[in-house]
Amino acid sequence: GLHSYRELPLRYGEFGQCHRNESSGALHGLMRVRGFTQDDGHIFCTEDQIQSEVAAFDKAVRAVYQDFGFTEVAVKLALRPAKRVGDDAIWDKAEEALRNALKASNQEWEELPGEGAFYGPKIEYHLKDSIGRSWQCGTMQVDFSMPLRLGAEYVSADNDRKVPVMLHRAIVGSLERFIGILIENHAGAMPTWLAPTQCIVMNISGNSAEYAEKVQQILKKQGFRAESDLRNEKITFKIREHAMQKIPYLIVVGDKECEANAVAVRARGGVDLGVMPIDDFIARLQQDVSQKVGPQLA
Numbered sequence: 037g038l039h040s041y042r043e044l045p046l047r048y049g050e051f052g053q054c055h056r057n058e059s060s061g062a063l064h065g066l067m068r069v070r071g072f073t074q075d076d077g078h079i080f081c082t083e084d085q086i087q088s089e090v091a092a093f094d095k096a097v098r099a100v101y102q103d104f105g106f107t108e109v110a111v112k113l114a115l116r117p118a119k120r121v122g123d124d125a126i127w128d129k130a131e132e133a134l135r136n137a138l139k140a141s142n143q144e145w146e147e148l149p150g151e152g153a154f155y156g157p158k159i160e161y162h163l164k165d166s167i168g169r170s171w172q173c174g175t176m177q178v179d180f181s182m183p184l185r186l187g188a189e190y191v192s193a194d195n196d197r198k199v200p201v202m203l204h205r206a207i208v209g210s211l212e213r214f215i216g217i218l219i220e221n222h223a224g225a226m227p228t229w230l231a232p233t234q235c236i237v238m239n240i241s242g243n244s245a246e247y248a249e250k251v252q253q254i255l256k257k258q259g260f261r262a263e264s265d266l267r268n269e270k271i272t273f274k275i276r277e278h279a280m281q282k283i284p285y286l287i288v289v290g291d292k293e294c295e296a297n298a299v300a301v302r303a304r305g306g307v308d309l310g311v312m313p314i315d316d317f318i319a320r321l322q323q324d325v326s327q328k329v330g331p332q333l334a
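Residue numbers (our numbering): 37 to 334.
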């Protein structure tokens, strides 16, 4: 239905399935695929709201990237391509709106002539992986053309019908590509909050198997992704095997730990944290997860 200016900005978002007929030679693991999931968002707003919306998006993008451990973020402004919709006046307005928004957010950026979408210029956020390759992830595009072509309108303060601006935005872009960058950036050694298995409990002998299982269940009830290894193998073999899987914490329990209701903890990298009460280890895990760090090595 018809909306009032008081309802703007209107924000919509979805995890959309996208398909591209990429040539087979261009396909590259998770980084470039033919089918992917995008965190797709669209904002309908007035021209006066572009700057505040871009600033809010920039803040959100940087917060997300920081949580995932990315600190090197390059900002680029992709400008009008040769094949495009809309006249030069619209493109001038759109490009200037993004420049002003970047200035207001105190950003430094590189301009890419001819690299914009056919319907509007865009801000691109590029992340570097662990071997220095740059990947485009987040985007913010300002679009004056599409709302006009779609017949979108709103009622302005002076009771006229006006065409809104459409902002296209994605924080990570392709989820598959982002996961690939994330895995490579951490070389598989995920911080505790992201690790598929956060800790694994291993028994030294058959006598401590029941206690190892009990510890695992306690950790799982606290919401942690804990597993147990109760195989009849030497503890050194188990430790070596799970250390190679880059699990943040390895828990070893034997008769002493069972009697003391405690656990012997090793952090990733072979750091021996000694024996501690189960509650202390739970507090350590909770701190890792809440602060999005870890494993703690002391």
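Heads up, the beta-carbon is just placed ideally off N, CA and C, and yes, glycines get one too.
Owing to the predicted nature of the structure, the values given are computational and were not obtained by experimental measurement.
- The stretch 216-251 is shown to contain no whole alpha helix (DSSP H) run of 4 or more residues.
- Contact check for residue 74 against residue 174 fails: the beta carbons are separated by 8 Å or more.
- One alpha carbon belongs to residue 37, the other to residue 148, and they sit about 38 Å apart.
- Residue 181 counts as buried, since no fewer than 16 other beta carbons sit within 10 angstroms of its beta carbon.
- With respect to residue 140, residue 177 sits apart: the two C-beta atoms are not nearer than 8 Å.
- In this structure, residue 41 lies away from residue 155, with their beta-carbon atoms at least 8 Å apart.
- Burial is judged here by how many other beta carbons sit within 10 angstroms of a residue's own beta carbon; residue 94 has at least 16 and is buried.
- With a cut-off of 8 Å on Cβ pairs, the stretch 226-239 is in contact with the stretch 278-287, counting three or more such pairs.
- Considering only 127, 111 and 91, the residue with the shortest C-alpha distance to residue 118 is 127.
- Of the candidates 172, 111, 170 and 152, the residue whose Cα lies closest to the Cα of residue 143 is 111.
- Here the alpha carbon of residue 312 sits roughly 17 Å from the alpha carbon of residue 330.
- Residue 299 holds the alpha-carbon nearest to the alpha-carbon of residue 249 among 55, 299, 200 and 225.
- Under the 8 Å Cβ criterion, the stretch 79-86 counts as touching the stretch 191-207, having at least three qualifying pairs.
- Residue 285 has 235 and 303 as its beta-bridge partners, per DSSP.
- Between residue 264 and the set 328, 53, 233 and 103, the nearest pair of CA atoms involves 233.
- In this chain, the beta strand (DSSP E) harbouring residue 163 covers 158-164.
- Spanning the alpha carbons of residue 184 and residue 322 requires a straight line of approximately 50 Å.
- Going by C-alpha positions, residue 186 is about 33 Å away from residue 67.
- For residue 201, the beta-bridge partners assigned by DSSP are 81.
- The three-state reading of DSSP puts residue 118 in coil, since its state is none of H, G, I, E or B.
- DSSP places residue 92 in the uninterrupted alpha helix (DSSP H) bounded by 86-103.
- According to the DSSP assignment, residue 265 belongs to no alpha helix (DSSP H) but to the beta strand (DSSP E) extending over 262-265.
- Non-local C-beta neighbours of residue 137 in its own chain, meaning closer than 7 Å and more than five positions away in sequence, comprise 86, 87, 90 and 91, ordered along the chain.
- Residue 146 and residue 251 have their C-alpha atoms roughly 53 Å apart.
- Spanning the alpha carbons of residue 46 and residue 194 requires a straight line of approximately 19 Å.
- Residue burial annotation: residue 52 is exposed, with fewer than 16 other C-beta atoms found within 10 angstroms of its C-beta.
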